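This note's numbering puts the first residue of the sequence shown at 303, with every later residue one more than the last.
Note that the Cβ used here is the ideal one computed from N, Cα and C, for glycine as well.
Computed from a predicted model, the values in this text were never measured in an experiment.
These notes are about the structure you will find just below.
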Amino acid sequence: MPAPTDVPESTPREPLWRDLVGAVLRRERRAQRRTLKEVADAARISLPYLSEVERGRKEASSEILAAAAHALGLGLGDLLSLVHGELVHGAPIHGAPAHAAPARRPAPHPRPALAPHRTQLSHRGLCLAA
Numbered sequence: 303m304p305a306p307t308d309v310p311e312s313t314p315r316e317p318l319w320r321d322l323v324g325a326v327l328r329r330e331r332r333a334q335r336r337t338l339k340e341v342a343d344a345a346r347i348s349l350p351y352l353s354e355v356e357r358g359r360k361e362a363s364s365e366i367l368a369a370a371a372h373a374l375g376l377g378l379g380d381l382l383s384l385v386h387g388e389l390v391h392g393a394p395i396h397g398a399p400a401h402a403a404p405a406r407r408p409a410p411h412p413r414p415a416l417a418p419h420r421t422q423l424s425h426r427g428l429c430l431a432a
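Have a look at this one:
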């Protein structure tokens, strides 16, 4: 009898939260045609650390995620909603282009207002528990 932690090979593996968050951050940054350095500077995060977060190698704190989201013109809730959407709808996470996200220009200051298409994101159904 297999151990309770064994997952049958036919069962799809759940994606890791850090992979989803990193993929969304990278996709949003690329949709804006911004470099890692530009976003890291705007968020006041080291470039190597942001790179590792985008690649799913680091579990970023809520403060880091909020800073990265704000540097991209998103709120933390917007970022979490986008990640939730990918988790629920099974959207591709590795290097996939943004499907409906138009390219946005970099904001002139580190904490821009939300882009117009991001103001109506719904946060219904999103629950994080520790």
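- Of D380, W319, V385 and I366, the smallest CA-CA separation from A345 is found for I366.
- The C-alpha of T313 is placed about 19 Å away from the C-alpha of E388.
- In the structure shown, S353 falls within a helical segment according to DSSP collapsed to helix, strand and coil.
- Counting C-beta pairs closer than 8 Å gives three or more between the stretch 358 to 376 and the stretch 322 to 333, which meets the contact rule.
- Residue burial is scored here from C-beta neighbours: R336 has at least 16 other C-beta atoms within 10 angstroms and is therefore classed as buried.
- With contacts defined by Cβ atoms closer than 8 Å, V341 and L384 do not form a contacting pair.
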